[in-house]
Amino acid sequence: MFVDIVFPKNNEKEFIKTAKRLKTKALLFIYPDLKEPFEEKDVKIFTGVKCGSQNKLNKYYKKTSIIISENTKRGMLTDKRVNLFFNFENKFKKDSLHYRRSGINHITAKIISEKQKFYTLSFSNILNNKEDPKLFGRYMQNAMLLAKYRCNVIAASFAEDPWEMRSEKHLVSAAKSLDFSGKQLKEGKEKFFRFLERK
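The sequence shown lines up with residues 15 to 213 when you count with the numbering used here.
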């Protein structure tokens, strides 16, 4: 089952309404701090927290087992408490003259694969940076590395407003246009749902 990832701000019902319109059956609500689980009968709801620092992991891990991060430091990548990473592509402002600084290298990709983490393609990041040509090159380079190391890859809206949400079909098409494998996305989606169900 496809699970879209969104960032509600006391507008959970609006996200759920949009999810129903898009025929999305499950949502992962991500909050900046701990929050009580949200219940809805027609859309399966999971909740998690965004964490940027290892210092806060203990506080969050005791209350929620779904933790996502943009922090690409090795300590965060290898920490078993962090499940999902996104926006590697935004880590560096400028590329080197000789190579793209995409936020993922062979070592990073190997860690993601071996530790069974999830890399997420954020559609919101693409939507809000569509005038930045280097971003697309970075995504394409990361797609190649993540495929080489057989990493878990998923695509999600990462919407902060309901209007930014997209259907699964739209997200997969966007990911494929950046050279992500349809097979890898399908396998990642299924693994991610099973992972959430176990939590």
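Just so it is clear, CB atoms sit at the ideal spot from N, CA and C, and this is done for glycine as well.
Closest to T78 by CA distance: which of K200, E54, P46 and K87 is it? P46
Taking just the CA atoms, how far does S138 sit from S187? 14 Å
Which complete beta strand (DSSP E) runs does the segment 72-103 hold, if anything under 3 residues is left out? 81-83 and 98-100
Under 7 Å Cβ to Cβ from G66, same chain only, skipping five residues before and after it: list those, please. S83, E84 and N85
Which term fits L160, buried or exposed, when burial requires 16 or more other beta carbons within 10 angstroms of its beta carbon? buried
Alpha carbon to alpha carbon, what distance is there between Y153 and K190? 11 Å
Should P176 be counted as a contact of the ligand PLP given a C-beta to heavy atom distance under 7 Å? Looking for the ligand PLP in the displayed structure turns up nothing, as the structure carries no ligands at all.
Should E103 be labelled buried (16 or more other beta-carbon atoms within 10 Å of its own) or exposed? buried
So what's L111 in DSSP terms, helix, strand or just coil? Any reading at L111 must be qualified, since the residue scores a pLDDT of 46, below 50, and its modelled position is unreliable; no value is offered.
Inter-residue spacing [alpha-carbon to alpha-carbon] between F206 and V17: 8 Å
At what residue ranges does the segment 16-48 contain a whole run of the beta strand (DSSP E), taking only runs of 3 or more? 17-20 and 40-45
In its own chain, which residues sit with a C-beta less than 7 Å from the C-beta of R164, not counting the 5 before and 5 after it? Spatial neighbours of R164 in its own chain (CB-CB distance under 7 Å, excluding positions within 5 residues in sequence) are listed in chain order as S127.
E201 versus K87 - alpha carbon distance: 26 Å
Checking 8 Å against the spacing of the C-beta atoms, do A170 and L199 come in under that value? no
Distance check for F100 and K49, CA to CA, integer angstroms please. 21 Å
Short of 8 Å in beta carbon distance, which residues of its chain neighbour K129, apart from the five on each side in sequence? Order them along the chain. L91, T92 and K94
If you run the structure through DSSP and keep just helix, strand and coil, what is Y133? Per DSSP, reduced to three states, the secondary structure at Y133 is strand.
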